[in-house]
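Undergrad: Here it is, the structure in full.
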Amino acid sequence: MEKMKHGPENIQTLKLVTKLNKKKGLWRRVSEILCASRRRRPEMNVGRLARVTKAGDIAVLPGKLLSGGEIGHAVTIGCMGASAAAKKKVEAAKGKVVALAVLFEKHADGKGVRLLK
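This is how it looks when you write it as structure tokens:
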């Protein structure tokens, strides 16, 4: 019987984890979450995103954004993945859904970025 592998096997995710791990604070915590198995990564519905953020917030979700609920304000969210319906809902509210790596490049210092779990 083979031993189970832990953590990401995707090459891009491994490279991102390596970059994030060199930083301190928020980005190091994100890298720790990404090193967990995919089943343990957080998932969040758009409705919950609307409750925990305000207009103009920048947030990072080291998991997947799902389409349950509605959002009425603009928010920029960096996530590992998002359903097509979730992207539509956020963009309809004048918000943006970007890849986690893109958000890291723009906000490498981590100031003003909220971690969502």
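With the first letter of the sequence shown counted as 1, position 34 gets the number 37 in the working numbering; the numbers rise by one all the way through.
C-beta atoms are modelled at their ideal positions from N, C-alpha and C, and glycine is treated no differently.
Can you name the start and end residues of the alpha helix (DSSP H) that V93 belongs to?
TA: Element bounds for V93: A87 to A95.
Undergrad: Can you grab the Cα-Cα spacing for the pair I1 / G50, in whole Å?
TA: An answer regarding residue 1 cannot be provided, because it is not within the stretch 4 to 120 covered by the chain.
Undergrad: Looking at V33 and L17, is the spacing between their C-beta atoms short of 7 Å?
TA: For L17 and V33, no; Cβs fall outside 7 Å.
Undergrad: Could you give the uninterrupted runs of the alpha helix (DSSP H) lying entirely in the region 11-62, keeping only those of 4 residues or more?
TA: Correct list: 14-24, 29-38 and 49-55.
Undergrad: Looking at the unbroken beta strand (DSSP E) that takes in A102, where does it start and where does it end?
TA: Its beta strand (DSSP E) spans residues K99 to A102.
Undergrad: Taking the CB atoms as reference points, tell me whether L64 and C82 lie closer together than 7 Å.
TA: Yes, Cβ-Cβ distance for L64 and C82 is below 7 Å.
Undergrad: Closest by CA to N13, which one among K26, R31, G28 and S40?
TA: Per the Cα distances, S40.
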